[in-house]
Amino acid sequence: MTSKRPRPPLDEDSLRDAALRYVSRFATSRGKLLAYLQRKIKECGWGGEHPADLPALVDRLAGLGYVDDSQYAVMKSAALGRRGYGARRIDESLRAAGIAPADRADADAQVDAERWIAAERYARRKRIGPYASAAPDPKQREKAIAAFLRAGHSYAIARRWVDAAPGQMPEAEE
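Letter by letter, the sequence shown follows residues 33 to 206 in the working numbering.
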């Protein structure tokens, strides 16, 4: 029979060590790191002399360069764009990660510049429009447009890709 020993409660040193382990393993934002540390305190409890100052710890790690929200936003938006997701879906993902609007400037510029390429990647991945084997019937067309919209693309872009005949690439919008 194996019994799990309860973990000792966290103190300042163990909390800092947990934060360092987390940022060394994962690319993260301030918001995600703060949520992780709050979850760790909830799981293990707090045994420090003073209340935990999580925002100060997160700010210290950001000051050391271990956490950079603007770089995280650029990396995350590029990764989602490569998967074919549109601007709205990327914006929702960055907002969920706690990225402030001021830190999204470079990421937003990148998303705007590559929105047509992201739509093409999505169409290729889902075999829609020019990548389909046959023209869709009206019900399939509605489903394909809905899929594009869920992926974060605008209705105009979705309609252009879905209405493209199999094998014929739509003209890139300006």
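Ideal placement from N, C-alpha and C gives every residue a C-beta, glycine not left out.
Item: Could you give the first and the last residue of the continuous alpha helix (DSSP H) run that contains Gly-113?; Value: 101-114
Item: Below 7 Å CB to CB, which residues in the same chain sit around Ile-73 once its five sequence neighbours on both sides are set aside?; Value: Leu-42, Ala-84
Item: Considering only the alpha carbon of each residue, which of Gly-130, Arg-156, Glu-44 lies closest to Met-201?; Value: Arg-156
Item: Trp-78 bridges to which residues according to DSSP?; Value: Leu-42
Item: Using 10 angstroms around the beta-carbon of Ile-149, count the other beta-carbons present and answer buried if the total reaches 16, otherwise exposed.; Value: exposed
Item: Could you give the distance in angstroms between the alpha-carbon of Ser-46 and the alpha-carbon of Arg-92?; Value: 16 Å
Item: Would Val-208 and Leu-65 qualify as a contact pair, given that the criterion is a beta-carbon distance under 8 Å?; Value: Absent from the model: residue 208. The displayed extent of the chain is 33 to 206, so no value can be given.
Item: Quick one: what's got a C-beta closer than 7 Å to Ala-196's C-beta in the same chain, skipping five residues either side?; Value: Gly-161, Pro-162, Pro-202
Item: Counting Cβ pairs closer than 8 Å, one from the stretch 107-119 and one from the stretch 133-151, do we hit at least three?; Value: yes
Item: If we ignore side chains and look at the alpha-carbon of each, how far apart do His-185 and Ile-177 end up?; Value: 9 Å
Item: Please classify Asp-135 as buried or exposed, where buried requires at least 16 other C-beta atoms within 10 Å of its C-beta.; Value: buried
Item: What are the boundary residues of the alpha helix (DSSP H) that includes Gln-172?; Value: 170-182
Item: Should Asp-101 and Ser-56 be called a contact, given that it needs their Cβ atoms to be closer than 8 Å?; Value: no
Item: With a 10 Å radius around its C-beta and 16 neighbouring C-beta atoms as the bar for buried, classify Gly-199 as buried or exposed.; Value: exposed
Item: Based on Cα-Cα distance, which residue from Leu-86, Pro-38, Gly-95 lies nearest to Ala-50?; Value: Leu-86
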